[in-house]
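>
Residue numbers (the working numbering): 11 to 263.
1) How would you label residue 69, buried or exposed, when you count the other beta carbons within 10 angstroms and need 16 or more for buried?
2) What three-state label does DSSP hand residue 165 in the structure shown?
3) Would you call the segment 252-263 and the segment 42-60 touching, i.e. three or more CB-CB distances under 8 Å?
4) Taking the straight line between their C-alpha atoms, what separation do you get for residue 35 and residue 112?
5) For the candidate residues 85, 38, 107, whose alpha-carbon lies nearest to that of residue 208?
6) When the Cβ atoms of the segment 80-87 are set against those of the segment 129-143, are three or more pairs found closer than 8 Å?
7) Report yes if the C-beta distance between residue 72 and residue 48 is below 8 Å; otherwise report no.
8) Quick one, which of 18, 24, 220, 14 has its alpha-carbon nearest residue 153's?
9) Counting C-beta neighbours from all protein chains within 10 Å, is the total for residue 248 16 or more, i.e. buried, or is it exposed?
10) Which first and last residues belong to the beta strand (DSSP E) in which residue 126 is found?
11) Around the Cβ of residue 103, are there at least 16 other Cβ atoms within 10 angstroms (buried) or fewer (exposed)?
12) Give me, in chain order, the residues of the same chain whose beta-carbon lies closer than 7 Å to that of residue 126; leave out the 5 immediate sequence neighbours on both sides.
13) Short of 7 Å in beta carbon distance, which residues of its chain neighbour residue 37, apart from the five on each side in sequence? Order them along the chain.
14) Quick check on residue 188: buried or exposed, where buried means 16 or more other Cβ atoms within 10 Å of its Cβ?
15) Restricting to runs no shorter than 3 residues, where is the beta strand (DSSP E) found entirely within the segment 99-159?
16) So, residue 171 versus residue 124, is the Cβ gap smaller than 8 Å?
17) From residue 65 to residue 163, what distance separates their C-alpha atoms?
18) At 3 residues or longer, what runs of the beta strand (DSSP E) sit wholly inside the segment 33-91?
19) From the DSSP output, in three-state form, read off residue 299 for me.
20) Just verifying my parser: in three-state terms, what is the DSSP assignment at residue 213?
21) Would residue 261 pass as a contact of residue 159 if the rule is Cβ separation under 8 Å?
22) Can you check which of these residues, 45, 27, 140, is closest to residue 51 by C-alpha distance?
23) Put residue 11 into one of helix, strand or coil per three-state DSSP.
24) Could you check which residue in 243, 250, 251, 92 has the C-alpha nearest to that of residue 43?
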């Protein structure tokens with residue numbers, strides 16, 4: 011994507027940024043002028059991604075963060091505030107996809123982990139950075155999933171947590187609009203990341219998924235950059251409480 015100054019002088023934090031969708035979004039925001047803080051629980055992968063992006067000439071830094079831990083989020087927010095000032099852009103991308111049946115023996119653990127990371131994680135980070143976002147009249151982008159609208163077997167915790175993230179985005183948009191904060195969501199379809207590798211590599215499931223996608227291919231993490239930059243920038247100054255679906259037409263079919 012062509013580099014621009016759409017996000018010049020903006021400070022952004024992207025969770026789950028060590029790989030996949032989060033890394034692509036972080037790179038995209040950098041390429042449009044933002045100073046980006048990569049946040050992830052995997053310290054080694056985070057450092058590798060940070061080194062790679064800096065070697066490519068991007069202005070970025072990193073912080074280790076477990077979004078499911080409210081105290082960790084508050085401590086990270088305090089550190090980021092000291093080092094970088096207030097956030098203009100918060101991208102809540104961190105997520106997990108445990109696969110389990112509704113009555114699986116370890117169902118409670120899978121369910122609780124999905125809710126803690128995918129739903130409560132958004133609440134934790136947004137609360138931790140809220141004061142700064144208010145001062146900057148910033149924007150929050152929550153990465154949800156088409157699974158919020160289209161359930162499938164084995165995705166009980168994941169689909170429920172992502173549906174909750176969709177409604178949380180709308181509720182926050184209504185509540186925080188008076189503070190000048192916009193809150194929107196991006197719902198990716200089947201994107202070529204580690205999270206979808208099992209589905210994409212199993213021939214029958216792969217063919218079934220592709221048959222549902224009018225554009226005839228799986229998405230790439232870079233396909234999320236356009237929507238992210240739009241929602242992060244003043245191009246979307248009157249847009250809040252909406253979801254941009256990036257799925258190649260899957261939900262429309």
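Just so it is clear, CB atoms sit at the ideal spot from N, CA and C, and this is done for glycine as well.
The relevant details are as follows:
1) Counting from 1 along the chain shown, the entry for residue 69 is found at position 59. Burial call: exposed.
2) Counting from 1 along the chain shown, the entry for residue 165 is found at position 155. Strand at residue 165.
3) no
4) Sequence index remark: in the chain shown, residue 35 carries index 25 (1-based). Sequence index remark: in the chain shown, residue 112 carries index 102 (1-based). Taking the straight line joining both Cα atoms gives about 33 Å.
5) Here residue 208 is taken as the residue at index 198 of the chain shown, counted from 1. Among 85, 38, 107, the Cα nearest to that of residue 208 is on 107.
6) yes
7) Residue mapping note: residue 72 aligns to position 62 of the chain shown, counting from 1. Residue mapping note: residue 48 aligns to position 38 of the chain shown, counting from 1. In this structure, residue 48 lies closer than 8 Å to residue 72 by Cβ.
8) For this step, residue 153 is matched to residue 143 along the chain shown. Of the candidates 18, 24, 220, 14, the one whose C-alpha sits nearest the C-alpha of residue 153 is 24.
9) In the chain shown, the residue the question calls residue 248 occupies position 238. Exposed, since its Cβ has fewer than 16 Cβ neighbours within 10 Å.
10) Within the chain shown, residue 126 is the residue found at index 116, counting from 1. Segment: none, residue 126 is in no beta strand (DSSP E) and carries neither H nor E.
11) Taking the chain shown and counting its residues from 1, the one referred to as residue 103 is at position 93. Residue 103 should be labelled buried.
12) Numbered from 1 along the chain shown, position 116 holds the residue referred to as residue 126. Correct list, in chain order: 78.
13) Here residue 37 refers to the residue found at position 27 of the chain shown. For residue 37, where only same-chain residues beyond five positions count, the Cβ hits under 7 Å are 63, 68.
14) Mapped onto the chain shown, residue 188 falls at position 178. Flag for residue 188 reads exposed.
15) 99-102, 149-153
16) Along the chain shown, read from residue 1 onward, the residue named residue 171 stands at position 161. Along the chain shown, read from residue 1 onward, the residue named residue 124 stands at position 114. Yes, the Cβ-Cβ distance between residue 171 and residue 124 is below 8 Å.
17) Position 55 of the chain shown, counting from 1, holds the residue named residue 65. Position 153 of the chain shown, counting from 1, holds the residue named residue 163. Distance between the alpha carbons of residue 65 and residue 163: 42 Å.
18) 45-50, 70-74
19) Only positions 11 to 263 of the chain appear in this structure, which leaves residue 299 out of reach.
20) Against the chain shown, residue 213 aligns to sequence position 203. Here residue 213 sits in helix by DSSP.
21) In the chain shown, the residue the question calls residue 261 occupies position 251. In the chain shown, the residue the question calls residue 159 occupies position 149. Yes; because the gap between Cβ atoms is below 8 Å, this pair is in contact.
22) Residue mapping note: residue 51 aligns to position 41 of the chain shown, counting from 1. Checking every option, the nearest Cα to that of residue 51 belongs to 27.
23) Your numbering for residue 11 matches position 1 in the chain shown. Bear in mind that a pLDDT of 49 at residue 11, under 50, signals an unreliable position, so the number given afterwards is only what the model happens to contain. Coil, per DSSP.
24) Taking the chain shown and counting its residues from 1, the one referred to as residue 43 is at position 33. The candidate whose alpha carbon is nearest that of residue 43 is 243.
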